[in-house]
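The numbering of the sequence shown is our numbering, which starts it at 16 and goes up by one.
Glycine residues also receive a C-beta, built at the ideal position from the N, C-alpha and C atoms.
Keep in mind the model is a prediction, meaning the values are calculated, not measured.
Reading through the structure tokens given below for one structure.
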Amino acid sequence: MAEKIARKARLELIYRGVDLGEHCLLADYTDHAHGQLDELCAHLEDRDRKWQGPWRPAKSEVVRAVIHCHDWFVPGDHLVLNCGEFEIQGICLSGPPDTVEIRAVSRRVSRNAQAQKKSKGWENVDLKAIAGAVAANAGLALAWEGNNPHYEREDQREESDMAFLRRLCLDAGNSIKIADSQLIVYSGKSFDQRGPHGQIKRGETWLIDYRFDAQSFDKYKGCEVSYWHPDLRLMIKGECFPADAPPTGEVLKINQEVKTEAEANALAASNLRRKNRSEVKADFTLMGDPRLRATQVQEVKGFGKYDGRYFVDEARHTVDGSGGYTTALKARKVIGY
16 MAEKIARKAR LELIYRGVDL GEHCLLADYT DHAHGQLDEL CAHLEDRDRK WQGPWRPAKS
76 EVVRAVIHCH DWFVPGDHLV LNCGEFEIQG ICLSGPPDTV EIRAVSRRVS RNAQAQKKSK
136 GWENVDLKAI AGAVAANAGL ALAWEGNNPH YEREDQREES DMAFLRRLCL DAGNSIKIAD
196 SQLIVYSGKS FDQRGPHGQI KRGETWLIDY RFDAQSFDKY KGCEVSYWHP DLRLMIKGEC
256 FPADAPPTGE VLKINQEVKT EAEANALAAS NLRRKNRSEV KADFTLMGDP RLRATQVQEV
316 KGFGKYDGRY FVDEARHTVD GSGGYTTALK ARKVIGY
């Protein structure tokens with residue numbers, strides 16, 4: 016008879032230099048691929064009422080979270096998920112018995128980079144250089160794996176640094192993520208083509224439940240870009256009609272400033288991808304696995320036409336006070352353009 020593994024997971028929660036994990040009743044760590052800050056929500060017992068007194072956090076205090084898994088896949092192993100450092104956004108006391116809920120997000124960028132609007136002309140510069148300047152101004156390190164178009168001139172018009180960078184990244188087909196004091200920029204198309212990093216298969220004991228959702232609304236077979244350039248006195252056009260786009264549907268029309276045909280073609284591709292990338296979505300709940308992260312690609316098998324490669328948009332890791340641990344994934348089927 017196979018040896019039964021006595022799995023146990025625990026949360027290490029460092030606050031003011033002290034590990035408060037033993038007080039944890041339930042904790043969720045949500046890892047987002049793009050567009051949102053990573054989140055931590057922890058429920059802690061407070062029978063000694065310390066969170067109502069000396070432990071009550073001041074503004075912008077931080078916690079660091081780590082998930083430890085012991086004897087998880089084989090006896091004697093120790094797997095670790097370093098969730099990162101989080102800024103406390105709110106705390107809620109309820110009872111009886113007294114418990115607190117701590118809500119926190121990955122460290123924010125500086126207020127100047129996020130909120131202060133400015134106008135500036137950027138000349139003879141590429142997107143990576145702009146991202147580097149924005150990251151430095153925000154007090155973040157830049158992690159770059161993105162498309163890197165070059166600009167003769169790009170104008171920042173009454174926009175914050177982060178809003179300006181998001182706009183440029185959107186048009187270039189890049190995604191932005193801020194986590195653990197890093198500004199992460201990556202190409203959505205390139206990240207779809209990586210891996211797979213793992214497999215999710217029907218019938219495996221660690222797959223608890225699943226849900227697939229196929230959508231046909233607001234999906235397009237192609238995209239056309241056109242722009243009349245007043246200085247060049249020229250109509251600039253671009254298009255993207257990939258072979259694996261939905262065979263039926265409308266053509267997405269974009270009228271936006273471009274300077275070259277190559278720029279118009281790239282803009283058409285990024286807009287079509289953004290509209291169509293969520294055509295097939297999936298949710299999975301699995302036995303906890305600290306190796307599962309947002310931005311990974313998982314190979315899904317055993318579900319007929321839903322089989323294929325799926326990009327993980329969100330990974331939520333949940334640990335309870337008894338040592339239980341699950342991972343819930345939100346994913347979308349990858350597209351080739």
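Beta-carbon proximity list for Ala283, same chain, < 7 Å, skipping 5 on both sides:
The beta carbon of Ala283 sits closer than 7 Å to the beta carbons of Cys238, Glu239, Val240, Gly253, Glu254, Cys255, Ile269 from its chain, once the five residues preceding and following it are set aside; these are given in chain order.
Under a Cβ-count criterion, where at least 16 other Cβ atoms within 10 Å of its own Cβ denotes burial, should Asn291 be classed as buried or exposed?
By the 10 Å Cβ count, Asn291 comes out buried.
So within the region 314-350, which uninterrupted beta strand (DSSP E) runs reach at least 3 residues, ignoring any that extend past its ends?
List check, beta strand (DSSP E) in window: 323-335, 340-348.
For the region 157-224, list the alpha helix (DSSP H) runs that are entirely contained and at least 4 residues long, ordered along the chain.
Taking only runs of at least 4 residues, the alpha helix (DSSP H) segments lying wholly in the region 157-224 are 176-187, 203-207.
Classify Cys39: buried if its beta carbon has 16 or more other beta carbons within 10 angstroms, exposed otherwise.
It is buried - the Cβ of Cys39 has at least 16 other Cβ atoms within 10 Å.
Which same chain residues, not among the five before or five after Ala309, have their C-beta less than 7 Å away from its C-beta?
Counting only Cβ-Cβ distances below 7 Å, and skipping sequence neighbours, we find Asp46, His47, Ala48, Val327, Asp328, Glu329, Ala330.
For the alpha helix (DSSP H) that contains Arg288, what are its first and last residues?
Looking at the DSSP string, the run of the alpha helix (DSSP H) that includes Arg288 is 276-291.
Can you tell me which of Val78, Arg64, Lys133 puts its alpha carbon nearest to the alpha carbon of Pro111?
Closest option to Pro111, Cα to Cα, is Arg64.
Residues bridged to Asn139 (per DSSP):
Looking at the DSSP assignment, Asn139 forms no beta bridge with any residue, so it has no partner.
Assign Met177 to one of two classes, buried (16 or more other C-beta atoms within 10 Å of its C-beta) or exposed (fewer than that).
With a threshold of 16 other beta carbon atoms within 10 Å, Met177 meets it and is buried.
Alpha carbon of Leu307 to alpha carbon of Gln131, nearest angstrom:
Between the alpha carbons of Leu307 and Gln131 lies a gap of roughly 36 Å.
Return the Cβ separation of Ala119 and Val78 in integer angstroms, given the expectation that the two are a contact with Cβ distance under 8 Å.
Contact holds; Cβ gap of about 6 Å.
Where does Lys65 sit, in a helix, a strand or coil, going by DSSP?
If DSSP states are grouped into helix, strand and coil, Lys65 belongs with the helices.
Measure how close the beta-carbons of Ala187 and Asn162 come, nearest whole angstrom, since I'm counting them as under 8 Å.
With a contact defined as Cβ atoms closer than 8 Å, Ala187 and Asn162 qualify at about 5 Å.
C-alpha gap between Ala194 and Tyr166, whole angstroms:
For Ala194 and Tyr166, the distance between alpha carbons rounds to 27 Å.
Spatially closest choice to Ser293 from Leu59, Cys98, Ala346, Leu183, by CA coordinates
In terms of Cα proximity to Ser293, the closest of Leu59, Cys98, Ala346, Leu183 is Ala346.
Mark Ile199 as exposed unless 16 or more other C-beta atoms lie within 10 angstroms of its C-beta, in which case mark it buried.
In summary, Ile199 is buried, with 16 or more beta-carbon neighbours lying within 10 Å of its beta-carbon over all protein chains present.
Straight-line CA distance for Glu359 to Thr341?
The requested residue 359 does not occur in the structure, where the chain is confined to residues 16 to 352.
Report the residue from Val295, Val81, Ala42 whose alpha carbon sits nearest the alpha carbon of Glu100.
Of the candidates Val295, Val81, Ala42, the one whose C-alpha sits nearest the C-alpha of Glu100 is Val81.
Would you decide whether Gly303 is buried or exposed? Buried here means 16 or more other CB atoms lie within 10 Å of its CB.
By the neighbour-count definition (other C-beta atoms within 10 Å, threshold 16), Gly303 is a buried residue.
Please name the residue, chosen from Glu27, Leu52, Val33, Leu183, that lies closest to Ala42 on a Cα-to-Cα basis.
Closest by alpha carbon: Glu27.
Beta bridge counterpart(s) of Ile269 as assigned by DSSP:
Paired residues: Val240.
Given that a residue counts as buried once 16 or more other Cβ atoms are within 10 Å of its Cβ, and exposed if not, what is Trp243?
Of the other Cβ atoms in all chains shown, fewer than 16 fall within 10 Å of the Cβ of Trp243; this residue is therefore exposed.
Three or more C-beta pairs under 8 Å: does that hold for the region 167-174 against the region 133-140?
Contact annotation: the region 167-174 touches the region 133-140, with at least three C-beta pairs closer than 8 Å.
With a cut-off of 8 Å on the beta carbons, I'd call Gln311 and His212 a contact; round off their distance for me.
At roughly 4 Å, the Cβ-Cβ gap stays under 8 Å, so Gln311 and His212 are in contact.
Check whether the Cβ atoms of Asp34 and Ser121 lie closer than 8 Å to each other.
Contact: no.
Ignoring anything shorter than 3 residues, give me the beta strand (DSSP E) runs that lie fully in the region 22-51, in order along the chain.
Here the runs fully enclosed are 23-30, 39-47.
Lys252 - containing beta strand (DSSP E), residue span
Counted as a single uninterrupted DSSP element, the beta strand (DSSP E) harbouring Lys252 occupies residues 249-255.
Should Thr300 and Asp228 be called a contact, given that it needs their Cβ atoms to be closer than 8 Å?
A distance of 8 Å or more separates the beta carbons of Thr300 and Asp228.
Cutoff 7 Å; reference Glu265; Cβ partners in own chain excluding five residues on either side
Excluding residues within five positions, the ones whose Cβ falls inside 7 Å are Tyr235.
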